[in-house]
Amino acid sequence: MKLLRQIIRRTLLATVILTAPFAVCSADTTSSLGSTIHLSTTPNAHDLGGIRTKNGQHIRQNRLIRSAALTRLNHHDKWLLGKQQHVKVILDFRSSGEIKRAPDVKSPGARHIHLSVMSSPDFGVHPISQYANQLAAKQPNFMEQFYRKMVLEPHCVEAYRTMFHYLLKQRSGAILYHCTYGKDRTGVATMLILSSLGVPKTTIMKNYLASNHYLKKTTAKEYRQMTHYTRNPTVLRNLTRSKAAQPTYLNAAYSTIDRHNGTMKHYLHRQMRLSNHDIRQLRTQYLAK
């Protein structure tokens, strides 16, 4: 009997240990991700509906969707985005070179808009040999520099400003926005959108960091591909840095905004050119009590 009780206790303990991470993941999904959209061909897709603001409101369902590129949508995924998620506008933050190499599959009923965040038409387009050389030459803080650029460089600022233009125009249906992986350019876009809606920074950071989980398989695949080309430790370290979502990256964007504009509120007014009326309109359109 004593042995049986020990076995039961160990079994219960193992059950708690194994299920705890999933319980935490589920709670985190509700609070910071909204809900995951299970596309079979595209990772890192989330409806931001359900995310809570500082004053207790939440983002409406089927209004704001972030994802990776839609380059391999199958029939089911197109149906899900169109009929279930009601996607009406797709903002593609990639460069013209990225789009030419791997265009989005057209989603019926949705308007596709090219809104490149980076000024170079060849951004993100390179053979593996060139990419390895670029990574070998980068400083360890190159991702922090990239995030600073996205909230400071005029072309980037103009792209995000135009994004808000479309958000204000979209009175019904969903806007889906994406870059290649839905992590960096999309991550900054999400930071700005959620900030304008009054979502706390801690929630925004959790939303951003979730990409590490949803892109895990994609990241591992690209790392293996690079190791087949080179074993240079600097290249592999910098590749790992470029494929990760790290608090220091998004915090670099936050600190740059604060240094040049004082606060996020001032940045949204001065750089995104959102008036108080615009902010109220965004919250009316995208939030519910």
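Here the sequence shown is numbered in the UniProt record's numbering, starting from 1 and rising by one per residue. Even glycine gets a Cβ: it sits at the ideal position worked out from N, Cα and C.
Your pair S120 and S95 checks out as a contact, with CB atoms roughly 6 Å apart and the cut at 8 Å. Distance between Y131 and P233, taken at the CA atoms: about 14 Å. In terms of CA proximity to I90, S116 leads the group T36, S116, S196.
Secondary structure of L39 (DSSP, three-state): coil. Shown here, L176 sits in a strand according to DSSP, grouped into three states. If you ignore the 5 residues before and after Y267, its C-beta comes within less than 7 Å of the C-beta of I257, N261, all in its own chain and listed in chain order. D122 carries a coil assignment under DSSP once its states are collapsed to helix, strand and coil.
Taking C-beta atoms under 8 Å as the contact rule, Y166 and I113 qualify, at a distance of about 7 Å. K106 sits in coil when the DSSP states are folded into three classes, being neither helix nor strand. Distance between Q281 and V235, taken at the CA atoms: about 46 Å. In the assembly as shown, T190 is a buried residue. Its beta-carbon has 16 or more other beta-carbons within 10 Å.
If you check the CB distance, I65 and L48 come in under 8 Å. As DSSP reads the structure, V87 sits in a beta bridge with A174. Taking D278 as the centre and dropping the five residues before and after it, the same chain places the C-beta of L168 closer than 7 Å to its C-beta, in chain order.
For R270, there is no enclosing beta strand (DSSP E); the enclosing alpha helix (DSSP H) covers residues 264-270.
Distances from the alpha-carbon of T53 to those of A252, L197, Q271, R231 put L197 closest. The beta-bridge partner set that DSSP reports for S67 consists of H178.
In its chain, beyond the 5 residues on either side, I37, D47, N62, I65, A174, L176 have a beta carbon closer than 8 Å to the beta carbon of Q85.
Apart from the 5 residues on each side of it in sequence, L152 sits with its Cβ closer than 6 Å to the Cβ of T256 in its chain, given in chain order. Each of S40, H58, S32 was checked against the Cα of Q285, and the nearest Cα belongs to H58. For R241, the enclosing alpha helix (DSSP H) stretches over residues 233-243. S211 has its alpha-carbon roughly 22 Å from the corresponding atom of V125. Per the C-alpha coordinates, the member of R231, T162, K183, V105 positioned closest to M143 is K183.
Per DSSP, reduced to three states, the secondary structure at L274 is coil, with no helix or strand assignment.
Taking R241 as the centre and dropping the five residues before and after it, the same chain places the C-beta of M143 closer than 6 Å to its C-beta, in chain order.
Collapsing the DSSP output to three states places I257 in a helix. Collapsing the DSSP output to three states places L73 in coil. Listed as beta-bridge partners of H112 by DSSP are I90.
When DSSP states are grouped into helix, strand and coil, L81 belongs to the helix group. Per DSSP, the unbroken alpha helix (DSSP H) holding E98 starts and ends at 96-101.
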